[in-house]
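Since the structure comes first, as structure tokens, the remarks are kept for the end.
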Amino acid sequence: MTKKNSPWATVYMALVLVLLYLPILVVVLFSFNSNPGRTANFQFEGFSLQWYKQLLDPVTGYGAPLRTSLLVAFWSVLVSAILGTLGAIGLVRKPVRKSLLGRAGNVGLTLGEQVAVLPIMIPEIILGIALMALFVLLGVPFGMMTLVLSHVVFCVPYIFITVRGRLASLDPGLEEAARDLGATPLKVLTSVTLPLALPAIISGCLLAFAMSMDDFVISFFVNGPQTNTLPLKIYSSVKVGVPPHVNALCTLMLATVFLVVAISQLWQAGAHKRQEHRDKAGRVKKLAAKMLTKPTKS
Amino acid sequence: MKSRGVVGKYQRSREPLALPMMLYGVLFVGLSLMYIIGLSLMTRGADFNAGAPFGAHNYARIFSTLYLRSLLQSLRLAFFTALFCLLIGYPFAYFMAKASPKARTWLMLLLIVPFWTNALIRIYGWKILFSATGPINQALLGLGLIARPLRLLYTDFAVQVGMIYAMLPFMVLPVYSAVERMDWAMVEASRDLGASPARAFLTVTVPMTLPGVLAGLVLTFIPSIGLFFLSDLLGGSNTMLWGNMVHNELLKSRDLPFAAALSVVLLALTGIVILVYRRMGGRAESMVF
Numbered sequence: 001m002t003k004k005n006s007p008w009a010t011v012y013m014a015l016v017l018v019l020l021y022l023p024i025l026v027v028v029l030f031s032f033n034s035n036p037g038r039t040a041n042f043q044f045e046g047f048s049l050q051w052y053k054q055l056l057d058p059v060t061g062y063g064a065p066l067r068t069s070l071l072v073a074f075w076s077v078l079v080s081a082i083l084g085t086l087g088a089i090g091l092v093r094k095p096v097r098k099s100l101l102g103r104a105g106n107v108g109l110t111l112g113e114q115v116a117v118l119p120i121m122i123p124e125i126i127l128g129i130a131l132m133a134l135f136v137l138l139g140v141p142f143g144m145m146t147l148v149l150s151h152v153v154f155c156v157p158y159i160f161i162t163v164r165g166r167l168a169s170l171d172p173g174l175e176e177a178a179r180d181l182g183a184t185p186l187k188v189l190t191s192v193t194l195p196l197a198l199p200a201i202i203s204g205c206l207l208a209f210a211m212s213m214d215d216f217v218i219s220f221f222v223n224g225p226q227t228n229t230l231p232l233k234i235y236s237s238v239k240v241g242v243p244p245h246v247n248a249l250c251t252l253m254l255a256t257v258f259l260v261v262a263i264s265q266l267w268q269a270g271a272h273k274r275q276e277h278r279d280k281a282g283r284v285k286k287l288a289a290k291m292l293t294k295p296t297k298s
Numbered sequence: 299m300k301s302r303g304v305v306g307k308y309q310r311s312r313e314p315l316a317l318p319m320m321l322y323g324v325l326f327v328g329l330s331l332m333y334i335i336g337l338s339l340m341t342r343g344a345d346f347n348a349g350a351p352f353g354a355h356n357y358a359r360i361f362s363t364l365y366l367r368s369l370l371q372s373l374r375l376a377f378f379t380a381l382f383c384l385l386i387g388y389p390f391a392y393f394m395a396k397a398s399p400k401a402r403t404w405l406m407l408l409l410i411v412p413f414w415t416n417a418l419i420r421i422y423g424w425k426i427l428f429s430a431t432g433p434i435n436q437a438l439l440g441l442g443l444i445a446r447p448l449r450l451l452y453t454d455f456a457v458q459v460g461m462i463y464a465m466l467p468f469m470v471l472p473v474y475s476a477v478e479r480m481d482w483a484m485v486e487a488s489r490d491l492g493a494s495p496a497r498a499f500l501t502v503t504v505p506m507t508l509p510g511v512l513a514g515l516v517l518t519f520i521p522s523i524g525l526f527f528l529s530d531l532l533g534g535s536n537t538m539l540w541g542n543m544v545h546n547e548l549l550k551s552r553d554l555p556f557a558a559a560l561s562v563v564l565l566a567l568t569g570i571v572i573l574v575y576r577r578m579g580g581r582a583e584s585m586v587f
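This is how it looks when you write it as structure tokens:
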């Protein structure tokens, strides 16, 4: 068997991709629909920007949820970046072969590590309820605080695993050389380890940011009466009917995601090139190429 | 490539750096999970409180037609989700791994981008597609295949389609990394030794990619039991999945201990699935790509 695809394979892949994008395309298309119907009437009648205008109307009230979501995502990612990066630096032990998020669930992992990566293995609804119950027990008032604390729980694993994968692929000789040349351990950390880990820290943060902005299930259980995140707001608008301005909102969110993904891909490609340039022996080249094509769990 | 990892002699002194992360995990994941297990053995009190008497009465309550039917419905949905994700996702992952490196990067990007977008948006798209006056019914009516619009939205069928759609990448990604890592020389050897393409595929490729398939099955099966918003938005009033049950007990009946018991059942199911997965030779690392 040759390692080559038949035309039928291409057709099949195209077909699956079309199905994958069908619901998204429908949302984008209908966001420009001029059909004034507020009911579930889905006939495309012409081009219009009315739903975008309606979105800007303060009556629909998307400003506050957007602000809440961004704030929650910002603080959660900041805290998770610190916890996850330090965790990764402290726990790089085994070589990680061939994969970005790596051998996180290794049998030999310590309990601490297992608990830290557990949130991405168990259903979100369990974590949501468990956190809600814990906050009730501890008497933490539901709101911004509980949202950030909960988002950190599921953001940490993404940053931890991404950064640890990167650190494990580095040549330990780099750090040892710095040490031998008289750098203090702190200096080694700030001027060798962290700069080398930076691309992974950034891509981990991007992933965590997307997860935080996207989270519905956990936020649903731990949000307070005064706080409403964007997914929660979308859920409450979509639950009862199909208000057309949601299409416009969704299209804007989609555009943002496409932009962020494109920028991060370009940035990673750039980092890859720079890395290749620095690393004359090209040892990292293969791995970096792998990391570029490697899936990130979403 | 020799990948030794940063196992320098200074590594030991750095281990304390991981303490904050571990403490955070122990407090918010370990403790909270243990707390709901404890909670499930309590009795509800006024306003979200719980306390004595202690006992397994919440679990006894689960053994009623209502909950058992819901559990069965959820498991069936999860089973078909995993099955269809495998049937659709395996060929996709397989062809993707065989594509040229450049095409592979693009395919990966195309696969991942929709799943970076909010799940609610994608489900909302299906809501439009499935509605009585939506594109699917319009097309079928236009082609003269049906006389009246089909009832697609708010059915179990819609939930099943939405679930397969939502879970598909979790099958494609692990299978893809398994196929990509596979040694193609083995397949070629079996072909040279006279195996037909089908036989080579079944006896060489499939066993070699089995870890990815198992990981994909676990990753698509487990979340399908708990995703309550999907059946909330696409399902009818009789679609009561386990996730919906937990959700209702908590926010409508405000019965925290009983909701905790339902979650513990889900947690136990998750544990069993992961145990079976380990027994079958699945390594946890193929689950986290």
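Going down the list, the protein sequences come from chains Z and B. Quick note: the first sequence uses my numbering, first residue 1, plus one each step. Quick note: the second sequence uses my numbering, first residue 299, plus one each step. All C-beta atoms in this analysis are idealised placements derived from N, C-alpha and C, irrespective of residue type, glycine included.
Collapsed DSSP secondary structure at F160 (chain Z) in the structure displayed: Reduced to three states, the DSSP call for F160 (chain Z) is helix.
Three-pair Cβ contact test at 8 Å for the segment 324-340 of chain B versus the segment 129-141 of chain Z: In short, these stretches touch, since the Cβ pair count reaches three.
Interface partners of P199 (chain Z) on chain B, CB under 9 Å: Within chain B, no residue comes near P199 (chain Z); the closest Cβ sits about 16 Å away, beyond 9 Å.
Sequence-distant residues of the same chain with beta carbon closer than 7 Å to G353 (chain B), five excluded per side: Excluding sequence neighbours, G353 (chain B) sits near L339.
Under 7 Å (Cβ pairs) to chain Z, residues found in the segment 498-528 of chain B: Along the segment 498-528 of chain B, the positions whose C-beta sits under 7 Å from a C-beta of chain Z are A498, I520, P521, I523, G524, F526 and F527, read in chain order.
Given T415 (chain B) as reference, the closest of Z:L206, Z:G128 and Z:N223 once Cα atoms are compared: Comparing Cα-Cα distances from T415 (chain B) to each of Z:L206, Z:G128 and Z:N223, the minimum goes to Z:L206.
Rounded C-alpha distance that separates R67 (chain Z) from D214 (chain Z): Those two C-alpha atoms are separated by around 14 Å.
Interface residues of the segment 217-245 of chain Z facing chain B [CB-CB below 9 Å]: Answer in chain order: V217, F220, F221, L230, P231, I234, Y235, V238, K239 and V242.
Residue-chain proximity (V324 (chain B), chain Z), Cβ-Cβ < 9 Å: With a threshold of 9 Å between beta carbons, V324 (chain B) makes contact with chain Z.
Limits of the unbroken alpha helix (DSSP H) element including K425 (chain B): Unbroken alpha helix (DSSP H) run through K425 (chain B): A417 to F428.
Closest residue to G128 (chain Z) among B:V324, B:I334 and B:S311 (Cα-Cα distance): Comparing C-alpha distances from G128 (chain Z) to each of B:V324, B:I334 and B:S311 shows the shortest one belongs to B:I334.
Alpha carbon of I159 (chain Z) to alpha carbon of L170 (chain Z), nearest angstrom: When the Cα atoms are used, I159 (chain Z) and L170 (chain Z) turn out to be separated by approximately 17 Å.
Listed by chain order, chain Z residues near R420 (chain B) by CB distance under 7 Å: For R420 (chain B), the neighbours in chain Z by C-beta distance under 7 Å run, in chain order, P23 and I24.
Nonlocal neighbours in the same chain, by C-beta distance under 6 Å from A476 (chain B), ignoring five residues either side: Counting only Cβ-Cβ distances below 6 Å, and skipping sequence neighbours, we find T507, P509 and G510.
Y21 (chain Z) versus B:L373, B:G423 and B:M469, residue with shortest Cα-Cα distance: Distance check between Y21 (chain Z) and each of B:L373, B:G423 and B:M469 places B:G423 closest, using alpha-carbon atoms only.
For K233 (chain Z) and I572 (chain B), the rounded distance between their alpha carbons: Distance between I572 (chain B) and K233 (chain Z), taken at the CA atoms: about 34 Å.
CB of S31 (chain Z) within 9 Å of CB of T251 (chain Z), strictly: Taking C-beta atoms as the reference points, S31 (chain Z) and T251 (chain Z) count as a pair closer than 9 Å.
Contiguous beta strand (DSSP E) assignments of at least 3 residues, all confined to the segment 515-582 of chain B: Under the rule that a run must span 3 or more residues, no beta strand (DSSP E) segment is found entirely inside the segment 515-582 of chain B.
Spatial distance of N536 (chain B) from Q371 (chain B) (CA atoms): C-alpha separation (whole angstroms): 10 Å.
Cβ-based neighbour list, A64 (chain Z), same chain, cut-off 8 Å, excluding 5 preceding and 5 following: Taken in chain order, the residues that qualify are N228.
L515 (chain B) to L384 (chain B) span [Cα, whole Å]: Going by the C-alpha atoms only, they are around 7 Å apart.
Against chain Z: residues of the segment 325-346 of chain B by CB proximity under 7 Å: If the cut-off is 7 Å between Cβ atoms, the segment 325-346 of chain B has F326, V327, G328, L329, S330, L331, Y333, I334, L337 and F346 near chain Z.
DSSP-derived helix/strand/coil call for R342 (chain B): Note: R342 (chain B) maps to strand in three-state DSSP.
Collapsed DSSP secondary structure at N33 (chain Z) in the structure displayed: Strand at N33 (chain Z).
For L485 (chain B), the first and last residue of its enclosing alpha helix (DSSP H): Per the sequence presented here, residue 485 (chain B) reads as Val, with Leu not at that position. Note, V485 (chain B): alpha helix (DSSP H), W482 to D490.
Under 9 Å between C-beta atoms of L86 (chain Z) and A559 (chain B): With a cutoff of 9 Å on beta-carbon distance, L86 (chain Z) and A559 (chain B) are scored as not near each other.
Rounded distance between the beta-carbons of I89 (chain Z) and L167 (chain Z), thought under 8 Å: Between I89 (chain Z) and L167 (chain Z) the Cβ distance is about 7 Å, and since that is below 8 Å, they are a contact.
Cβ neighbour criterion (16 or more within 10 Å) applied to N347 (chain B): So N347 (chain B) ends up on the exposed side.
is_contact[N298 (chain B), chain Z] using C-beta, thresh 9 Å: Missing from the structure shown is residue 298 (chain B); chain B here goes from 299 to 587 and no further.
Same chain, Cβ closer than 7 Å to A354 (chain Z), five either side skipped, listed in chain order: What the structure shows of chain Z is the stretch from 1 to 298, and residue 354 (chain Z) is not part of that stretch, so it cannot be assessed.
Any C-beta of chain Z under 9 Å from that of A437 (chain B): Not closer than 9 Å to any Cβ of chain Z, the Cβ of A437 (chain B) fails to qualify, so no.
Rounded distance between the beta-carbons of N223 (chain Z) and W51 (chain Z), thought under 8 Å: In this structure, W51 (chain Z) and N223 (chain Z) do not form a Cβ contact; the two beta carbons are roughly 26 Å apart against a cut-off of 8 Å.
Range of the contiguous alpha helix (DSSP H) that encloses M299 (chain Z): What is shown of chain Z runs 1 to 298, which leaves residue 299 (chain Z) out entirely.
Selection from B:A430, B:A483 and B:D553 that minimises the alpha carbon distance to I444 (chain B): Residue B:A430 holds the alpha-carbon nearest to the alpha-carbon of I444 (chain B) among B:A430, B:A483 and B:D553.
Distance between R342 (chain B) and A358 (chain B) (C-alpha atoms, nearest Å): Using only the alpha carbons, I get a separation of about 15 Å.
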